[in-house]
């Protein structure tokens, strides 16, 4: 599939550096015979490496230019590769089962965050290993009272164990992106870290991080009173970015 050129509209940057591919396969911990779902295989370099390690791969690819090459790869590996031709956001957890299965991928830059949130909220994959822009991985693995801390970090902290594994330089891709990339591992927890209604939590997260420099009493006006915040031992003059996951969940339960 060397003739397929990356499509900017699809956020494609094709990985080609062998050493990085090997590190990702090692991070995935491929066990011969296990099923793995890959999102956005593109030209199939990571796909091939996982097949060579003995995995059975379901690869979701939206770019029809890549389909023939992936189909040929499937035949070359005794049909241990199933190619799902469509949009990952539409098929994950529906026509493509992910419960108890590792989900991996060099995620497209334009929809990577949406895919992570969807999978994290499903809570059913065994484990997820993703490559994304370094700034997105920093948000996934962020801690309170930092500029990276926000909705994505809170959701991932509530629902997963988070690990920032290693950085990948632009030269490992075609075309080279303008930013560094990183690889992370997310392991869903057996239960939420704190009891909370996810719909209420999402509402509160959008409020406090949508206006992150404003005081809580302002952004939560009409949703949670200043008196309620004080009952929760949260200062209404604080800004949302200083709150940890547990404090935010306690606010959401009173919303």
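Numbering (our numbering), first residue to last: 7 to 261.
Ideal Cβ placement from N, Cα and C applies to all residues, glycine included.
Three-state secondary structure assigned by DSSP to residue i
i	result
residue 80	helix
residue 138	strand
residue 234	helix
residue 191	strand
residue 199	coil
residue 251	helix
residue 71	helix
residue 227	coil
residue 161	helix
residue 213	helix
residue 7	Note that residue 7 scores 48 on pLDDT, short of 50, meaning its location in the model is unreliable and no value can be drawn from it.
residue 132	coil
residue 31	helix
residue 97	helix
residue 26	helix
residue 261	coil
residue 240	coil
residue 119	helix
residue 154	coil
residue 107	coil
Cβ-Cβ separation, residue j to residue i (assumed contact under 8 Å), whole Å
i	j	result
residue 92	residue 121	About 13 Å; that fails the 8 Å criterion.
residue 195	residue 157	Not a contact, Cβ separation roughly 18 Å.
residue 179	residue 22	7 Å
residue 258	residue 213	In fact, because the Cβ distance is near 10 Å, the residues do not count as touching under 8 Å.
residue 49	residue 97	Actually they are not in contact, since the Cβ atoms of residue 49 and residue 97 sit about 20 Å apart, beyond 8 Å.
residue 230	residue 261	5 Å
Where residue i falls, given that 16 or more other Cβ within 10 Å makes a residue buried
i	result
residue 100	exposed
residue 112	buried
residue 141	exposed
residue 94	buried
residue 159	buried
residue 108	buried
residue 110	buried
residue 90	buried
residue 163	buried
residue 133	buried
residue 252	exposed
residue 70	exposed
residue 44	buried
residue 24	exposed
residue 254	buried
residue 104	buried
residue 139	buried
residue 38	exposed
residue 144	buried
For residue i: DSSP bridge partner residues
i	result
residue 64	43 and 88
residue 221	245
residue 54	Looking at the DSSP assignment, residue 54 forms no beta bridge with any residue, so it has no partner.
residue 20	180
residue 206	Note: residue 206 sits in no beta bridge, so no partner.
residue 172	189
residue 112	137
residue 3	Only positions 7 to 261 of the chain appear in the structure, and residue 3 is not among them; the question remains open.
residue 166	194
residue 2	Past the boundaries of the shown model lies residue 2; the chain is included only from 7 to 261, so the question cannot be answered.
Closer than 9 Å to chain C by CB, residue i
i	result
residue 248	Among the chains in the structure shown there is no chain C, since it carries only a single protein chain.
Any 3 or more C-beta pairs closer than 8 Å across the segment 168 to 179 and the segment 223 to 235: Counting Cβ pairs under 8 Å, fewer than three are found: no touch.
Sufficient close CB pairs (3 or more, under 8 Å) joining the segment 43 to 62 to the segment 150 to 158: Short answer: they don't touch.
Sufficient close CB pairs (3 or more, under 8 Å) joining the segment 225 to 243 to the segment 180 to 192: The answer is no - the segment 180 to 192 does not touch the segment 225 to 243, with fewer than three Cβ pairs under 8 Å.
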